[in-house]
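What follows is one structure encoded as structure tokens, with my remarks underneath.
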Amino acid sequence: MGWAIALHGGAGDIPLSLPLERREPREAALRYCLEIGVSALKANRSPLDVVELVVCELENNPHFNAGRGSVLTNKGTVEMEACIMDGNTKNCGAVSGVSTVANAISLARLVMEKTPHIYLAFDGAEAFAREQGVKMVDENHFITPENIERLKQAKEANRVQIDYTQPIQKDSPDETVLANGDSQLG
Amino acid sequence: TVGCVAVDSEGNLAAATSTGGLVNKMVGRIGDTPIIGSGTYANNLCAVSATGKGEAIIRATAARDVAALMEYKGLSLEEAAAYVVEKCVPKGNVGIIAVSATGEVTMPFNTTGMFRACATEDGSSEVGIW
Chain A
-7 MGWAIALHGG
3 AGDIPLSLPL
13 ERREPREAAL
23 RYCLEIGVSA
33 LKANRSPLDV
43 VELVVCELEN
53 NPHFNAGRGS
63 VLTNKGTVEM
73 EACIMDGNTK
83 NCGAVSGVST
93 VANAISLARL
103 VMEKTPHIYL
113 AFDGAEAFAR
123 EQGVKMVDEN
133 HFITPENIER
143 LKQAKEANRV
153 QIDYTQPIQK
163 DSPDETVLAN
173 GDSQLG
Chain B
216 TVGCVAVDSE
226 GNLAAATSTG
236 GLVNKMVGRI
246 GDTPIIGSGT
256 YANNLCAVSA
266 TGKGEAIIRA
276 TAARDVAALM
286 EYKGLSLEEA
296 AAYVVEKCVP
306 KGNVGIIAVS
316 ATGEVTMPFN
326 TTGMFRACAT
336 EDGSSEVGIW
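These protein sequences, in sequence, are chains A and B.
Residue numbering for the first sequence follows the working numbering, starting at -7 and increasing by one per position.
Residue numbering for the second sequence follows the working numbering, starting at 216 and increasing by one per position.
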């Protein structure tokens, strides 16, 4: 049936009322990344190269929760994670807890190709990144006013829930859709 | 979370997922993305990338289950992914993109929306949110 590609920018409580100024840049980014992936497949790049290329582009786009647009922990820090896997060989690589790596997906691929391991995390992953000479940026590169605001809203939402003392259903977490229309799910 | 799955005209498959995690997550929290078989999986039948509430996706080993349903129950990619989204992960918690070695594509989700796009060699393509 020939080549095929799919990509996503996250799922969650994305309200139908998402303002146009938030919807359009995301749809444009999806189209742009799709074109990059399709061109790479047509140029006979391997699926492994194609998925890394597309995810790098998505990581570099501040509108999605990865790389440049990563959300913040409850301490206001960034901890990114990524994973890549090749179907034929089942070779795979993963990283977690990286805070200064520009493209976590490329580091995950290096774990797969340059180490005997599958998964590196936190300090070890950061040290490996420095050793491999991947592009690293200051953690503040990822801590943007928009993400600080999102964290503040998420904290306020939690506090409001406690004030109302409404029982939060265990099986249907109260995914608060915050003012700016972004879901808080991964 | 962002992800991409791809298959070339020889049926070679790959999957990749990357994320900042959950807003306000605890320091040190690991989600589904880097856990093989939960948020990301690829074998010689399909390639899968999941997004949503990591804890629910991990419990369901969502990505591996899609491949296992194809491998052991002979379901199509679309049937397998739909089953996992509808039956294995609580509503409101997951979106999946997947491609198969024969070039099928599927992008089911049980959340309000999922930012997604796909294209196939026969010329069809889609960009969607809801």
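Ideal Cβ placement from N, Cα and C applies to all residues, glycine included.
query                                                                                                                                                        : result
Below 8 Å between beta carbons: does that hold for Asn246(B) and Glu44(A)?                                                                                   : Per the sequence presented here, residue 246(B) reads as Gly, with Asn not at that position. No. Outside cutoff.
Which of the three DSSP states is assigned to Gln153(A) in this structure?                                                                                   : Confidence is the limiting factor: at Gln153(A) the pLDDT is only 30, short of 50, which leaves the residue's position unreliable, though a coordinate-based value still follows. Three-state result, Gln153(A): helix.
Starting from Asp5(A), trace the alpha helix (DSSP H) both ways and give me its first and last residue.                                                      : Element bounds for Asp5(A): n/a, residue is neither H nor E.
Would you please verify whether the beta carbon of Ala(-4)(A) is less than 8 Å from any beta carbon of chain B?                                              : yes
With DSSP collapsed to three states, give me the class of Phe114(A).                                                                                         : helix
Does the beta carbon of His109(A) sit closer than 8 Å to a beta carbon anywhere in chain B?                                                                  : no
Mind checking His0(A): buried by the 16 CB within 10 Å criterion, or exposed?                                                                                : buried
Tell me the DSSP bridge mates of Thr65(A)?                                                                                                                   : Lys240(B)
Quick one: which residues of the stretch 256 to 276 of chain B get their C-beta closer than 7 Å to a C-beta of chain A? List them in chain order.            : Tyr256, Ala257, Asn258, Asn259, Ala262, Ser264, Thr266, Gly267, Lys268 and Gly269
Between Lys288(B) and chain A, is the shortest Cβ-Cβ distance under 8 Å, so that the two count as touching?                                                  : no
Going along the chain, which residues of its own chain have a beta-carbon closer than 7 Å to the beta-carbon of Asn53(A), five neighbours each way excluded? : Ala21, Arg60 and Gly61
DSSP on His55(A), reduced to helix/strand/coil?                                                                                                              : coil
Does Ser38(A) come within less than 8 Å of chain B when only Cβ atoms are used?                                                                              : yes
Beta-carbon within less than 8 Å of Glu131(A)'s beta-carbon, same chain only, minus the 5 sequence neighbours each way: which residues are those?            : Thr69, Val70, Ser91 and Thr92
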